[in-house]
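Novice: Sharing a structure with you now.
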Ligand code: SAM
Ligand code: SF4
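Numbering (the working numbering), first residue to last: 71 to 562.
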């Protein structure tokens, strides 16, 4: 316990926060946000349409513009908002979607977040930290049997799963290469969802090839934040968390990701917070968030807060908040997770605003290689809503006309950070990536898909090839067909 206490006291580096604060204040002003929401009530339809046009030109909205969208009442105008949100996604990302799986490595935690199953005082939870051998086994199932190429690794905040452990788990996962019937399985991108870290720690993760560094602010509302993350814990420090993406970018990490846990406070306020955060990163670093997540609170073992909160977000408001985020930060990736039940995921993905989703999701520690089929809340942080397999999800996506891309070449070729930003904003990335989406989807269908999914996937590929033939120069198309043939013949 003494060691743990010493560790807790050494985590927060005030000097790494102060350098970014202005006049001793952070960039979220609760009163200003409420004021903006008040000032932009009853927006004129013509103003809304101007704002929609601005989003379509892939420009980040001003906070007043986001506030106007959030104040909309007219259902017909909301429909226009949804339609333009889908167009924005299509312009930036086309009909591509990427899939990933979460890999929980440990559930020890020194914090006491009232909404989380893993909080320190929750004694019903079975605590466990995977050994590196166990991490390897998890990665082998994910890469070799299911066919994932991207993971998000998740950790509680604890000395046993500190930065050295995180670094070792990332290295272990990248080292896995599993032979499959036609090729091999490998994880190509390891994103990290972990506690805020210092610049030196983030540099260590950069060295081993961290993908996106994802930290959710949970709530941007200062008083609510202080109440839900009790005093005496590391997480109680609002600004240590708020500026962790700044530190990551300063440490050289290319991509950072934002999120809010919806259900802790008023959803309109939180969307404003996200937009302020995105604009702050753009202003300081010329790079906005690589992705934004919008998890809703889910039930967790022995966690009554989830039932008691008065800020639960309805399905209808959930769809609205996703559309407003899509329009406010038009270049960003948007992640919808398996926390949501299948019917909600289906509806929201079909509406065309999402770029990433997880599948074959298990969040119990060691659950992939232990082959747990039922959810077991005592091993999990919360309950997931959609346990469908990657194969099933990809089939459904294909039937909706989406192509699942397993390409991670962009990252390896340096198309990250501010370099990807300009490609995304000009819509160039949409075509560029289509070629690699076709090739990597073909590989995946041959290596991992069921017959039914293969059939649905091949229809999408054919459509894509026809489209590409009309869109790209002959030389490029011929090269694509050559590579496509080689992949079909078993080359990887
Ligand atoms: N411990 C680290 C932290 O808090 O940042 C990272 C991992 S934490 C396990 C990942 C995220 O899960 C949190 O940021 C929070 O938004 C989300 N979460 C916690 N409790 C949840 C619940 N009951 N339902 C849905 N999401 C939850
Ligand atoms: Fe720990 Fe993260 Fe859960 Fe908070 S949300 S109790 S920090 S695992």
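By construction, the Cβ of each residue, glycine as well, lies at the ideal position given by its N, Cα and C atoms.
Since we're looking at a predicted model, the values are computed, not measured.
Any heavy atom of the ligand SAM within a distance shorter than 7 Å of the CB on residue 409?
Specialist: Yes; taking the cut-off as 7 Å, the Cβ of residue 409 has a heavy atom of the ligand SAM nearer than that.
Novice: Just tell me which of 130, 100, 74 and 248 has its CA closest to the CA of residue 350.
Specialist: The residue with the shortest Cα to Cα distance from residue 350 is 130.
Novice: By how many angstroms is the C-alpha of residue 263 removed from the C-alpha of residue 296?
Specialist: Computed Cα separation, rounded: 21 Å.
Novice: Which value, in whole angstroms, describes the spacing of the CA atoms of residue 187 and residue 449?
Specialist: Spanning the two alpha carbons is a distance of roughly 9 Å.
Novice: With distance defined between alpha-carbon atoms, name the residue in 425, 387, 456 and 390 nearest to residue 413.
Specialist: The candidate whose alpha carbon is nearest that of residue 413 is 456.
Novice: I believe residue 360 touches residue 326 by the beta-carbon criterion, under 8 Å. Please report the beta-carbon distance rounded to the nearest angstrom.
Specialist: Their Cβ separation, rounded to whole angstroms, is 6 Å, which keeps residue 360 and residue 326 in contact under 8 Å.
Novice: For a test of the three-state rule: what should DSSP assign to residue 173, helix, strand or coil?
Specialist: DSSP places residue 173 in strand when its eight states are reduced to three.
Novice: Mapping DSSP to helix, strand and coil, what is residue 406?
Specialist: Looking at residue 406 - three-state DSSP - the assignment turns out to be strand.
Novice: Restricting to Cα atoms, I'd like to know which of 539, 352, 305 and 301 is closest to residue 316.
Specialist: Answer by Cα proximity: 352.
Novice: Name the DSSP bridge partner or partners of residue 426?
Specialist: Answer is 168 and 405, bridged to residue 426.
Novice: Please state whether the Cβ-Cβ distance between residue 362 and residue 404 is less than 8 Å.
Specialist: Result yes, Cβ atoms of residue 362 and residue 404 sit closer than 8 Å.
Novice: Spatial neighbours of residue 469 within its chain, please: C-beta separation below 8 Å, excluding the five flanking residues on both sides.
Specialist: The answer, listed in chain order, is 526.
Novice: Using DSSP with H/G/I as helix, E/B as strand and the rest coil, what is residue 325?
Specialist: Residue state, collapsed to three classes: strand.
Novice: Would you be able to state if there are at least three C-beta pairs under 8 Å between the segment 193 to 210 and the segment 377 to 389?
Specialist: Verdict: no, contact absent.
Novice: In the DSSP assignment, the beta strand (DSSP E) including residue 221 goes from what residue to what residue?
Specialist: Residue 221 -> beta strand (DSSP E) spans 220 to 225.
Novice: With DSSP run on the structure shown, which of helix, strand or coil describes residue 111?
Specialist: Coil, per DSSP.
Novice: Tell me whether residue 73 is buried or exposed, calling it buried when 16 or more other Cβ atoms sit within 10 Å of its Cβ.
Specialist: Exposed: under 16 other Cβ atoms inside 10 Å.
Novice: Look at residue 426 and residue 248 and say whether their C-beta atoms are less than 8 Å apart.
Specialist: No; because the gap between Cβ atoms is not below 8 Å, this pair is not in contact.
Novice: Let's see if you can read the secondary structure: which residues bound the alpha helix (DSSP H) around residue 309?
Specialist: Its alpha helix (DSSP H) spans residues 308 to 312.
Novice: Let's see if you can read the secondary structure: which residues bound the beta strand (DSSP E) around residue 259?
Specialist: First-last of the beta strand (DSSP E) with residue 259: 259 to 263.
Novice: Three-state secondary structure (DSSP) at residue 247?
Specialist: In the structure shown, residue 247 sits in coil (DSSP, three-state: anything other than H, G, I, E or B).
Novice: When the distance is taken between beta carbons, is residue 306 closer than 8 Å to residue 100?
Specialist: It is not a contact, given that the beta carbons lie outside the stated cut-off.
Novice: With DSSP collapsed to three states, give me the class of residue 255.
Specialist: If DSSP states are grouped into helix, strand and coil, residue 255 belongs with the strands.
Novice: With a floor of 4 residues, list each alpha helix (DSSP H) that falls wholly inside the segment 91 to 137, ordered by position along the chain.
Specialist: Taking only runs of at least 4 residues, the alpha helix (DSSP H) segments lying wholly in the segment 91 to 137 are 100 to 109 and 115 to 126.
Novice: Is residue 284 near the ligand SF4 - that is, is its Cβ less than 7 Å away from at least one heavy atom of it?
Specialist: Not under cutoff, so the answer is no.
Novice: Given that a residue counts as buried once 16 or more other Cβ atoms are within 10 Å of its Cβ, and exposed if not, what is residue 390?
Specialist: Label assigned to residue 390: buried.
Novice: DSSP three-state label for residue 453, please.
Specialist: Residue 453 falls in the coil class under three-state DSSP.
Novice: Is residue 372 buried or exposed, if buried means 16 or more other CB atoms sit within 10 Å of its CB?
Specialist: Residue 372 comes out exposed.
Novice: Give me the pocket residues for the ligand SF4, defined as CB within less than 6 Å of any heavy atom, sorted by chain position.
Specialist: Listed along the chain, these residues meet the criterion: 179, 181, 183, 186, 188, 189, 226, 227 and 305.
Novice: Just verifying my parser: in three-state terms, what is the DSSP assignment at residue 556?
Specialist: Residue 556: helix per DSSP, three-state reduction.
Novice: Would residue 180 and residue 223 qualify as a contact pair, given that the criterion is a beta-carbon distance under 8 Å?
Specialist: Their beta carbons are not under 8 Å apart, which means residue 180 does not touch residue 223 by this criterion.
Novice: Alpha carbon to alpha carbon, how far is residue 542 from residue 553? Give it in angstroms, no decimals.
Specialist: Taking the straight line from one Cα to the other gives about 15 Å.
Novice: For residue 418, report the span of its beta strand (DSSP E) as first-last.
Specialist: Residue 418 -> not in any beta strand (DSSP E); alpha helix (DSSP H) instead, spanning 412 to 420.
Novice: Just checking residue 451 against the ligand SAM - is the residue's beta carbon closer than 7 Å to any of the ligand's heavy atoms?
Specialist: For the ligand SAM, at least one heavy atom lies less than 7 Å from the Cβ of residue 451.
Novice: Out of 422, 370, 441 and 194, which has the shortest C-alpha to C-alpha gap to residue 409?
Specialist: Residue 409 has its Cα closest to that of 370, out of 422, 370, 441 and 194.
Novice: Note down, in chain order, each residue of its chain lying with its Cβ closer than 8 Å to the Cβ of residue 529, except the 5 sequence neighbours on either side.
Specialist: Contacts found: 468.
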